[in-house]
Amino acid sequence: MASPDGRQAPWAADRDLGPQEARAAIEWAFPEVEVGTVQLVGSGWEFDVYRVRVECEGTDWAFRFPRRREYSEQFDDEAEVLRVVARTVAPIRVPSVELRGAPGPHFPYSFAGHRFIEGIRADAPGVALGNGFAETLGATLARLHASTPDDALRDVLGLETEGPREWLDETLAEIEGLRGFGPEVDAALGWLEAIPVVPAPHGGMARVIHNDLCPDHLLVDGAGDLCGIIDWTDAATGDPLMDFVVLYAWKGRSFVEKVLGWYELRLDPGFWERLDFSVRVRALHWLRTAAQEGGDVSKHRRWVENAFAGDTS
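Heads up, the sequence shown is in this note's numbering, so the first residue is 18 and it goes up one at a time.
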């Protein structure tokens with residue numbers, strides 16, 4: 018897929034893959050695995066994910082196939098991160114890479130498999146979040162952010178350096194592509210075009226963060242309670258605010274306040290100023306990205322509305 022200027026879009030896969038090719042790749046890499054049904058779960062920037070029934074075990078696995086060559090190089094580091102994270106956020110489940118498929122005739126890159134984590138996306142149609150969802154999420158994020166990685170793991174995680182200034186510059190560059198989405202978005206662009214004052218950057222300790230905490234990475238059980246967190250590819254150390262920006266856009270400021278009611282760590286003095294600002298510029302950027310990628314524009318218009326309904330001037 019090409020971007021609007023004719024270049025290859027950065028999210029486009031550089032190889033072909035469908036259920037038949039995924040099955041063939043798994044059977045070639047793991048001849049001892051009796052593969053049953055193979056179903057595409059979803060595709061992101063980095064991976065296509067297939068749910069695979071392993072008949073000899075009677076269990077389901079998730080196999081992740083890199084969409085581009087560079088993403089096939091992330092599995093070793095990710096496995097180490099997940100081993101540590103699993104202990105930190107328990108009993109909330111996270112993936113655990115158990116199978117590593119080598120490149121072969123049916124798929125050109127290495128790929129990985131882990132036992133499928135049962136659950137429903139927190140933003141799936143018809144899902145009602147349970148009364149304990151915010152409590153569990155807040156407590157889980159507190160445990161994650163309070164964890165202290167050793168030097169080796171800190172090197173693997175790296176430091177997330179982007180923040181409000183970089184996000185503002187990115188969104189300002191996209192402003193012409195944000196016109197025509199409706200009066201609420203036009204009003205938001207008025208705020209953006211006034212070039213708002215950027216809050217001071219985070220000056221506190223760099224915490225372990227998920228760094229891509231979208232509702233589709235939060236899994237809930239049948240009662241609507243949090244049971245799993247997936248897609249840790251972007252995990253890093255950095256401003257803990259990063260794990261609240263999407264929550265704010267998705268469910269509003271009051272929801273974040275509710276989550277933080279169960280977050281046992283002290284917030285730094287500039288937290289809310291940075292968060293109110295960040296969710297505005299990020300929600301606009303995500304709307305532009307959704308329009309470019311053929312994503313859910315209506316959802317992201319709602320996110321912009323939520324961002325600008327917060328307590329910030």
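Every residue gets a Cβ at the ideal spot worked out from N, C-alpha and C, and that includes glycine.
Computed from a predicted structure; not experimentally measured.
Item                                                                                                                  : Value
Identity of the residue in G61, E95, G155 nearest D233 by Cα                                                          : G61
Selected residue, minimal CA-CA separation from T157, among W279, E290, A29                                           : W279
CB contact flag (T178, V298, <7 Å)                                                                                    : no
Assumed close pair G118, A46 - CB separation to whole angstroms, cut-off 8 Å                                          : 4 Å
Rounded distance between the beta-carbons of H123 and A41, thought under 8 Å                                          : 4 Å
Identified DSSP bridge partners for R224                                                                              : G255
Cβ distance (whole Å) where V202 is taken to contact V321 below 8 Å                                                   : 6 Å
Contact test: A145 Cβ vs the ligand COA heavy atom, cutoff 6 Å                                                        : Summarising the ligand content, the structure contains no ligands, and the ligand COA is consequently not present.
Stretch-stretch touch, CB-based, cutoff 8 Å, three pairs: the segment 236-249 with the segment 136-156                : yes
Beta-carbon spacing of V263, C231 below 7 Å                                                                           : yes
Cβ contact (3+ pairs, closer than 8 Å) linking the segment 104-114 and the segment 288-295                            : no
Of the listed residues V71, R318, L236, E274, nearest to V50 (C-alpha basis)                                          : V71
Cβ shell of A139 (< 6 Å), same chain only, five flanking positions each side left out                                 : P232, L235, V237
Cβ-based burial, L34 [other Cβ within 10 Å; buried from 16]                                                           : buried
Nearest-angstrom Cα separation, counted from L209 out to G155                                                         : 31 Å
Inter-stretch contact at 8 Å, needing at least 3 Cβ pairs: the segment 163-181 / the segment 220-229                  : yes
Same chain only: Cβ atoms within 8 Å of R318, ignoring 5 sequence neighbours per side                                 : F198, G199, E201, V202, L304
Where S164 falls: helix, strand or coil (DSSP)                                                                        : coil
Test item: CB-CB of E97 and T250 under 7 Å                                                                            : no
Secondary structure of G269, DSSP reduced to three states                                                             : coil
Local conformation of D285 per DSSP, three classes                                                                    : coil
Helix, strand or coil at P83 according to DSSP, with G and I counted as helix                                         : strand
Coil, strand or helix - E290 by DSSP                                                                                  : helix
Residues of its chain near L282, where Cβ-Cβ distance is below 7 Å and the 5 sequence neighbours each way are ignored : A159, H162, A163
7 Å Cβ shell around V55 - same chain, five flanking residues per side excluded                                        : P36, A39, R40, Y67, V69
Enclosing alpha helix (DSSP H) for R32 [first to last residue]                                                        : Where R32 is concerned, there is no enclosing alpha helix (DSSP H), given that its DSSP letter is neither H nor E.
Local conformation of V50 per DSSP, three classes                                                                     : coil
As assigned by DSSP and simplified to three states, the class of I137                                                 : strand
Helix, strand or coil at G207 according to DSSP, with G and I counted as helix                                        : helix
Residues of its chain near D22, where Cβ-Cβ distance is below 8 Å and the 5 sequence neighbours each way are ignored  : Any reading at D22 must be qualified, since the residue scores a pLDDT of 48, below 50, and its modelled position is unreliable; no value is offered.
Own chain, CB closer than 8 Å to L292, minus 5 neighbours either side, in chain order                                 : L258, F261, V262, Y265, V273
Where E310 falls: helix, strand or coil (DSSP)                                                                        : helix
Sequence-distant residues of its chain with Cβ nearer than 8 Å to A326 (five each side left out)                      : G269, R270
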